[in-house]
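**Q** For the sequence shown, position 123 (counting from the first letter as 1) is numbered 126 according to my numbering, and the numbering increases by one without interruption.
Please find one structure pasted underneath; my questions will follow.
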Amino acid sequence: MSQFIEFVGNNLLLFVSLLVVLGMIAYMEYQRFFSGTTHISVPDALRLQNDEDALFIDVREVNEFKSGHILDAKNHPMSNFEKNLGQLDKHKNTPLVVYCATGSRSSRACTKLRKREFASVYNLSGGVTAWEKASLPLVTK
């Protein structure tokens, strides 16, 4: 035990950095677990689109959307998401796959949709970045 205390004392900055990183990981996992948002992988999202006609909602800003988005996705930027949320009410019983660049903004959008009692809301894990990593196409308009 005394060797451990000596190690921590000699490497205080390293030890504090380790604790900060572990704390950040724990916080992110805590938020993910208790947000009530269902995360979905790229292959599962494709399956949902093919089998249940899921609608893809892109919450990135307009310029990001225009640079490349998933085919047939609807753009509802987070900057005015709540204001335009009523436009999605007609899709309350449609499975929705919400995505952004990495999954952070879309997680917040999923929480808002769940509060408005949308039946099936999924956050695309890794966002459009994961979509591109899977070598799937993006369209530009």
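Beta carbons: idealized from backbone N, C-alpha and C, even for Gly.
State buried or exposed for L91, treating a residue as buried only when at least 16 other CB atoms are found within 10 Å of its CB.
**A** The residue you call residue 91 lines up with position 88 of the sequence shown. Buried, by the Cβ-count rule.
**Q** Less than 7 Å between the beta carbons of V131 and C113, yes or no?
**A** Residue 131 sits at position 128 when you count from the first residue of the sequence shown. Residue 113 sits at position 110 when you count from the first residue of the sequence shown. No, the Cβ-Cβ distance between V131 and C113 is not below 7 Å.
**Q** Taking the CB atoms as reference points, tell me whether N126 and S110 lie closer together than 7 Å.
**A** Counted from its first residue, the sequence shown places residue 126 at position 123. Counted from its first residue, the sequence shown places residue 110 at position 107. Yes.
**Q** How long is the line joining the alpha carbons of S20 and E9, rounded to whole angstroms?
**A** Here residue 20 refers to the residue found at position 17 when the sequence shown is read from its first residue. Here residue 9 refers to the residue found at position 6 when the sequence shown is read from its first residue. S20 and E9: Cα-Cα distance of roughly 17 Å.
**Q** Have a look at S44 and V11 and give me their C-alpha separation to the nearest angstrom.
**A** Looking up residue 44 in the sequence shown gives position 41. Looking up residue 11 in the sequence shown gives position 8. Distance between the alpha carbons of S44 and V11 is about 40 Å.
**Q** Starting from F54, trace the alpha helix (DSSP H) in both directions and tell me its first and last residue.
**A** Against the sequence shown, residue 54 aligns to sequence position 51. Checking the sequence shown, residue 54 turns out to be Asp, not Phe. V45 to E55 is the extent of the alpha helix (DSSP H) around D54.
**Q** Return the chain-ordered list of same chain residues with a C-beta closer than 7 Å to the C-beta of T143, the five sequence neighbours on each side being excluded.
**A** For this step, residue 143 is matched to residue 140 along the sequence shown. Within the same chain, T143 has close Cβ partners K69, S70 and G71.
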